[in-house]
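Residue numbers (my numbering): 63 to 146.
Note that CB positions come from ideal geometry on N, CA and C, so glycine has one too.
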């Protein structure tokens, strides 16, 4: 019965900090935040996309590099911090 419920999953939603990273942030002298991602998480997410799952990323941070990373994994639904 439990395995049958798992078959109905179509979407995975991940937060970035503390979920796809170890929660640490390095800050450069210019104020840019740097995060470290595990390559195995990236592999699993791109495999999920290839197998037809919908993957969504949310983050309170922002960054062009993070957006490129997820785009290269085939993830198109990426939502970063709202800017005014």
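Judged by DSSP in its simplified three-state form, residue 103 adopts helix. Excluding five sequence positions before and after residue 78, the CB atoms of its chain that fall closer than 6 Å to its own CB belong to 121, given in chain order.
If you compare the alpha carbons of 72, 66 and 64 with that of residue 113, the shortest gap goes to 72. Comparing alpha-carbon positions, the option among 76, 110, 65 and 141 lying closest to residue 124 turns out to be 141. The three-state secondary structure of residue 64, taken from DSSP, is helix.
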